[in-house]
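Numbering (this note's numbering), first residue to last: 2 to 159. Step one of this worksheet: look at the structure below.
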Ligand code: ZN
């Protein structure tokens with residue numbers, strides 16, 4: 002889990018967004034007049050279970066950071082600090098703009114799949130004792146340690 006997910010888990014999107022615009026309870030969600038278009042609404046729905054907002058008027062949507070970014074016209078990192086300040090929790094100390102790559106959930110899933118997969122291939126190389134693979138690695142003068150360090154792996158034919 003990223004530091005940003007952790008922060009999101011520790012704050013409530015309803016109370017954060019509710020500190021900028023009035024929200025009223027509507028069934029299992031909350032709704033308010035959307036600040037991102039000329040809303041006659043209330044068209045903005047805030048779902049505390051999913052921790053997302055969505056406007057049915059202008060289709061703006063996202064998580065708590067996205068809302069604060071758009072609302073205050075600030076960067077992602079600034080929005081993280083802002084959310085922490087509003088929620089009264091400690092912001093990560095060394096948060097820098099350049100360290101932050103905003104990765105959407107889908108890409109995050111693919112990254113984590115690739116990490117798992119490369120771990121699997123690495124395990125196969127070091128434990129499967131496939132002669133061809135081992136000989137090739139030896140011919141490149143790579144030690145087991147090198148293979149671990151650089152995540153070199155072997156993909157079994159199966
Ligand atoms: Zn809107």
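The beta-carbon is built from N, C-alpha and C at its ideal position, and this holds for glycine as well. In this text, all values refer to a predicted model and were calculated from it rather than measured experimentally.
- If you draw a straight line from the Cα of residue 45 to the Cα of residue 14, it comes to about 13 angstroms.
- A residue is called buried once 16 or more other Cβ atoms fall within 10 Å of its Cβ, and residue 80 is buried on that count.
- For residue 25, the uninterrupted beta strand (DSSP E) run begins and ends at 25-27, by DSSP.
- Note on geometry: alpha-carbon atoms of residue 107 and residue 149 lie some 27 angstroms from one another.
- Using a 10 angstroms sphere on the CB of residue 132, the tally of other CB atoms stays under 16, which defines it as exposed.
- At a cut-off of 7 angstroms, the beta-carbon of residue 44 counts as near ligand 1: some heavy atom of the ligand is closer than that.
- Counting C-beta atoms within 10 angstroms of its own C-beta, residue 73 has fewer than 16 neighbours from the protein chains shown and is therefore classed as exposed.
- Leaving aside the five residues that flank residue 68 on each side, the residues in its chain whose CB is nearer than 6 angstroms to its CB run, in chain order, 18, 54.
- Look at residue 55: its beta carbon is at least 7 angstroms from all of the heavy atoms in ligand 1.
- The region 81-92 makes contact with the region 2-16; the number of CB pairs closer than 8 angstroms reaches 3 or more.
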